[in-house]
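313 is the number that the numbering used here gives to position 324 of the sequence shown; each next residue is one higher, with no gaps.
Using N, Cα and C, we set each Cβ at its ideal position, and we do this for glycine too.
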Amino acid sequence: MARWTLALLAATHAFQPHAPVQRLRPLRVEVFDEATLLVEQAVEWSRDEHPLAEPCVCETAEPIVTSTIFWSVVNDACQFPAKEANIIFDKDDFPVDEWSDMVSGLGIEGLTCEVEDDAPLPCVKVTVDWSPEDAGFVSDEMADASVESLKTWVQDVIVDSKVCPFTRSAEVAATGLENQGVEKGPIMYPVCGAVGSGGAALVRVLRAFWGSSIDMLSQPPSQASTVLLSVPAYAERDHDAFVDMTQVVVKTLKHIGAEHQLSLVFFHPDYEREVIEPVDSFTHGHLPPQKWLRAYVRLTEGEEVATGLSEAQLKHADYQRRAPFTMINILRSEQVEAAEAVVPWEVIEPEPDRRVRVSGARVYAKNIWRFATDASERTVDGYKYLVTGGKAGKGPAVGVS
């Protein structure tokens, strides 16, 4: 017997820390022996009932693997004869209705996802109305250049401006967490070739996000500490499309309960927290609300300094997330928890009679203050951004070496 499944090629190759850029390879369908009778029946059913739809089996033992396979099939569906795929989940108790509702609820342009009630196993039919070229293409030269630009920005903003006290270079992350049982390790720099902001491009981002996540998690932190996923041609000057993308990615993350494994941080050249919903509370992957910034500054600089900062000065805090292009930082959640154990939690009062307990408050407060009062302009490949203090800048004391 034969079983159709998806080989996770992106997760099997070893990370080469000295390679200039990692190109995300598409997953391919391969045949494996020793398939169960029920799976083969489901594949045969698909071929009989939907001869033009590509049958693909999706393993469900690990939710992150399931997501990687699913979005890889959706990404590749435009290359199938009818632009359709029957995705068969390999366990009969898989919550296929909830999965289909989640996918449909994302509102991705040109993508439909319908449950096949008569299939022998849980199955959805996905259909796309775009062509392969609609997702765009990024050349190797552009990919390499984007990584170099990003590394320059990381060195200037994340490292030298001390935005993150646990990143000491553009090549190594999680420095200073050894006492918390966390090994430092290389930063991975994969590149996603999505262009524009249509449905095809968004699906390609999802495929790259999940592929990069499983690639990182398949290796120990000492070999792959964190991921900076560059998407240099996605939503280049379209902040609304960028925000929509972040919400879609987070919804897919939360649907499978992967927050205990992955934590996300989003970047964009026009990043503006003030217009990202919800504007008055936390949201995964984004800065704290703009209207909370004075409350943070009070922690380290006092009431007089916090009150004296103008709104324009406070908005400089957005430059912590204004990278040269769209980028997703994929972190291991255990590293985030270790960092939070080193940097004390604090209680802030963003508005009268409202008290909120927040992590990393003093680090963020110092970042807000420095970007408000000690920022200067830099340029990388025509993109202007702000830095603070350089290597002489004084970051907060957080007990790291």
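Glu366 sits in a strand when the DSSP states are folded into three classes. Minimum Cα-Cα distance from Ile76 among the listed residues Thr101, Ile97, Gly94 corresponds to Thr101. The C-alpha of Thr315 lies about 25 Å from the C-alpha of Thr164. A Cβ-Cβ contact shorter than 9 Å links Ser322 with Ser252. For Arg321, the enclosing beta strand (DSSP E) covers residues 315 to 321.
Listed in chain order, the non-local C-beta contacts of Leu41 below 6 Å within the same chain comprise Pro70, Ala71, local neighbours out to five positions each way being set aside. No residue range can be given for Pro70, since it is assigned to no alpha helix (DSSP H) and is classified by DSSP as neither H nor E. In this structure, Tyr353 is the residue among Arg311, Tyr353, Gly187 with its C-alpha nearest to the C-alpha of Lys151.
DSSP places Thr272 in the coil class of the three-state scheme, outside both helix and strand. Counted as a single uninterrupted DSSP element, the stretch harbouring Ile203 is not any beta strand (DSSP E) but the alpha helix (DSSP H) occupying residues 188 to 206. For Lys304, the enclosing alpha helix (DSSP H) covers residues 300 to 304.
Here Ala108 is buried, its C-beta having at least 16 other C-beta atoms within 10 Å. Within the DSSP bridge table, the entry for Thr25 names no partner.
Counting along the chain, Ser252 sits inside the beta strand (DSSP E) bounded by residues 251 to 256. Between Ala159 and Lys173, the beta carbon gap of about 13 Å keeps them out of contact (Cβ cut-off 8 Å).
When Thr296, Glu263, Ile319, Trp34 are compared, the shortest CA-CA separation from Val238 is found for Ile319. With the rule of 3 Cβ pairs closer than 8 Å, the stretch 286 to 296 does not count as touching the stretch 79 to 92. Apart from sequence neighbours up to five positions away, the residues of its chain that approach Ser348 with a beta-carbon distance below 6 Å are Glu329, Trp334, ordered along the chain. Residues Gln279 of the same chain have their beta carbon placed closer than 7 Å to that of Glu263, with the five preceding and five following residues left out of the count. Counting the other CB atoms within 10 Å of its CB gives Asp204 a total of 16 or more, which places it among the buried residues. Here the alpha carbons of Glu38 and Val32 stand approximately 10 Å from one another. DSSP places Leu139 within a helical segment (H, G or I) once states are collapsed to three. For the pair Val369 and Thr141, the CB atoms are nearer than the 9 Å cut-off.
Assigned with DSSP and collapsed to three states, Tyr308 falls in helix.
Where Lys373 is concerned, the enclosing beta strand (DSSP E) starts and stops at 372 to 377. Contact annotation, Tyr178 with Val136: C-beta distance approximately 5 Å; criterion of less than 8 Å satisfied.
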